[in-house]
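Visitor: Provided herewith is a single structure, encoded as structure tokens, for subsequent inquiry.
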Amino acid sequence: MSSMGELTFFLGLQVQQKKDGIFISQDKYVVEILKKFEFTKVKTASTPMETQMPLLKDEDGEEVDFHMYRSIIGSLMYLTSSRPDIMFVVCACTRYQVNPKVSHLYVVKRIFRYLKGQQKLGLWYLKDSPFDLVAYTNSDYVEESLDMKSTTGACQFLGYRLIPWQCKK
1054 MSSMGELTFF LGLQVQQKKD GIFISQDKYV VEILKKFEFT KVKTASTPME
1104 TQMPLLKDED GEEVDFHMYR SIIGSLMYLT SSRPDIMFVV CACTRYQVNP
1154 KVSHLYVVKR IFRYLKGQQK LGLWYLKDSP FDLVAYTNSD YVEESLDMKS
1204 TTGACQFLGY RLIPWQCKK
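In my numbering, the protein residues as written are 1054 to 1222.
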């Protein structure tokens, strides 16, 4: 076993160790996928998803190449390991991988426009945070108006550190 110095990359994650904590990000990966899918010269968006336009099945919409759509979604899913800000919208887009439409591709493009403007975000873990386990949960049994299914979500914090979280329909 040998020491190769301070950890700076781990499984595609950039790790910056500082005196008061550790910052984990995927800045270089964001730049790579923006180039790969040709989103380097687009306008930026302030949010990853439009708030006034729900994501629907859109059965009558024009179809898009599902191989390309799945490739984009796979790239975005990998990015969610350090970007919880896009987790909800990416998971919503994964529901339409079987038969993606132009309207779904529009939402995915919006995520890339958001990433273009917010490339330097990540997770910050303080070294001296308390060691208390706190859990939050929320359930919506009223049923969503679009598909009549309930939603449940939960997250756990160890001190100030977010550990697992989930959202299930």
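Virtual Cβ for every residue (Gly too), placed ideally from N, Cα, C.
Kindly list the residues whose CB is nearer than 6 Å to the CB of residue 1072, restricted to its own chain and excluding five residues on each side of it in sequence; keep chain order.
Guide: Counting from one through the sequence shown, the residue named residue 1072 turns up at place 19. Taken in chain order, the list of residues that qualify is empty.
Visitor: For residue 1193, which three-state DSSP category applies?
Guide: Here residue 1193 refers to the residue found at position 140 of the sequence shown. In the structure shown, residue 1193 sits in a strand (DSSP, three-state: E or B).
Visitor: Any idea what DSSP makes of residue 1143, helix, strand or coil?
Guide: Locating residue 1143 in the sequence shown gives position 90, counting from the first residue. Looking at residue 1143 - three-state DSSP - the assignment turns out to be helix.
Visitor: Which one of 1208, 1221, 1176 has the shortest CA to CA distance from residue 1193?
Guide: Residue numbering aside, residue 1193 sits at position 140 when the sequence shown is read from its first letter. The shortest C-alpha separation from residue 1193 is found at 1221.
Visitor: Within its chain, find whatever has a CB closer than 8 Å to the CB of residue 1083; leave out the 5 residues flanking it on each side and keep chain order.
Guide: In the sequence shown, residue 1083 corresponds to position 30, counting from 1. For residue 1083, where only same-chain residues beyond five positions count, the Cβ hits under 8 Å are 1132, 1168, 1172.
Visitor: Please report the distance separating the alpha-carbon of residue 1060 from that of residue 1180.
Guide: Taking the first residue of the sequence shown as 1, we reach residue 1060 at position 7. Taking the first residue of the sequence shown as 1, we reach residue 1180 at position 127. So the alpha carbons of these two residues sit roughly 16 Å apart.
Visitor: Enumerate in chain order the residues of its own chain whose CB-to-CB distance from residue 1068 is below 8 Å, with the five nearest sequence positions on each side excluded.
Guide: Here residue 1068 refers to the residue found at position 15 when the sequence shown is read from its first residue. Same-chain partners within the cutoff: 1060, 1061, 1062, 1075, 1076, 1077.
Visitor: Between the alpha carbons of residue 1130 and residue 1139, how many angstroms are there, rounded?
Guide: Locating residue 1130 in the sequence shown gives position 77, counting from the first residue. Locating residue 1139 in the sequence shown gives position 86, counting from the first residue. Their backbone Cα atoms lie some 9 Å apart in a straight line.
Visitor: Please report the distance separating the alpha-carbon of residue 1189 from that of residue 1214.
Guide: Along the sequence shown, one-based indexing puts residue 1189 at 136. Along the sequence shown, one-based indexing puts residue 1214 at 161. The straight-line gap from Cα to Cα measures roughly 13 Å.
Visitor: Reducing DSSP to helix, strand and coil, say where residue 1213 ends up.
Guide: Translated into positions along the sequence shown, residue 1213 becomes position 160. Residue 1213: coil per DSSP, three-state reduction.
Visitor: Report the three-state DSSP secondary structure of residue 1119 (helix, strand or coil).
Guide: Here the question's residue 1119 lines up with position 66 in the sequence shown. In this structure, residue 1119 counts as helix in the three-state DSSP scheme.
Visitor: When the Cα of residue 1174 is compared with those of 1066, 1065, 1058, 1080, which residue comes out closest?
Guide: Stepping through the sequence shown from its first residue, residue 1174 is reached at position 121. Closest option to residue 1174, Cα to Cα, is 1080.
Visitor: Helix, strand or coil, according to DSSP, for residue 1182 in the structure here?
Guide: Here residue 1182 is taken as the residue at index 129 of the sequence shown, counted from 1. Correct three-state label for residue 1182: coil.
Visitor: Which partner residues does residue 1099 have in the DSSP bridge list?
Guide: As a working note, residue 1099 is residue 46 in the sequence shown. None, per the DSSP bridge assignment.
Visitor: Are the beta-carbon atoms of residue 1164 and residue 1147 separated by less than 9 Å?
Guide: As a working mapping, residue 1164 is identified with position 111 in the sequence shown. As a working mapping, residue 1147 is identified with position 94 in the sequence shown. No. Outside cutoff.
Visitor: Between which residues of its own chain and residue 1191 is the CB-CB distance below 6 Å, once the five residues before and five after are set aside?
Guide: For this step, residue 1191 is matched to residue 138 along the sequence shown. Cβ neighbours of residue 1191 beyond the five flanking positions: 1206.
Visitor: Enumerate in chain order the residues of its own chain whose CB-to-CB distance from residue 1162 is below 7 Å, with the five nearest sequence positions on each side excluded.
Guide: Residue mapping note: residue 1162 aligns to position 109 of the sequence shown, counting from 1. Excluding sequence neighbours, residue 1162 sits near nothing in its chain.
Visitor: Look up residue 1219 in the DSSP assignment and give the residues it is bridged to.
Guide: As a first step, residue 1219 is located in the sequence shown; it is residue number 166 there, counting from the start. Paired residue(s): 1207.
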